[in-house]
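Following: one structure in structure tokens, then a few remarks.
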Amino acid sequence: MKFISKETKTYKVFNALYNGEKLTQAEATKRFGVKNLSAEATRIRQNGYAIYSKTRKASNGVTVTEYEMGKPSREIVALGYKAKKMGITL
Numbered sequence: 155m156k157f158i159s160k161e162t163k164t165y166k167v168f169n170a171l172y173n174g175e176k177l178t179q180a181e182a183t184k185r186f187g188v189k190n191l192s193a194e195a196t197r198i199r200q201n202g203y204a205i206y207s208k209t210r211k212a213s214n215g216v217t218v219t220e221y222e223m224g225k226p227s228r229e230i231v232a233l234g235y236k237a238k239k240m241g242i243t244l
């Protein structure tokens, strides 16, 4: 990521997701010291990466949110082109 230093927690989360890992809040806290994985995912999304979150039941019955990197949907790509055509830029 061009605007995020390699020493930051955001970069560590990005690197894990980029390499195909799925992360929960508990894993991110334990591995990287991240207290708000949702905020880190938002920062990565703002740099143009498709980060998806989905909830699941853990083996102990607790509902957890899991984050993973994927490919943007056709709808998101189409919205990007439409915004660009309208002159909306970052």
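For reference, each letter of the sequence shown is one residue, going 155 to 244 in the numbering used here. Note that the Cβ used here is the ideal one computed from N, Cα and C, for glycine as well.
Extent of the continuous alpha helix (DSSP H) run through Glu-181: Segment 179 to 186, the alpha helix (DSSP H) holding Glu-181.
Three-state class that DSSP yields for Ala-204 in the structure shown: Here Ala-204 carries a strand assignment [DSSP, helix/strand/coil].
Start and end residues, alpha helix (DSSP H) containing Glu-260: Outside the displayed range of the chain (155 to 244) lies residue 260, so it cannot be described from this structure.
Exposure label - Arg-197; buried when at least 16 CB within 10 Å: Arg-197 is classed as buried because its beta carbon has at least 16 other beta carbons within 10 Å across all chains shown.
Contact set for Lys-184: own chain, Cβ-Cβ below 8 Å, skip 5 residues either direction: Same-chain partners within the cutoff: there are none.
Cβ-Cβ separation, Tyr-206 to Gly-224 (assumed contact under 8 Å), whole Å: Indeed they touch by this definition, with Cβ atoms about 5 Å apart.
Val-216 burial status per 10 Å Cβ neighbour count (16 or more: buried): It is exposed - the Cβ of Val-216 has fewer than 16 other Cβ atoms within 10 Å.
Supposed close pair Gln-179, Thr-209 - CB separation, criterion 8 Å: About 12 Å; that fails the 8 Å criterion.
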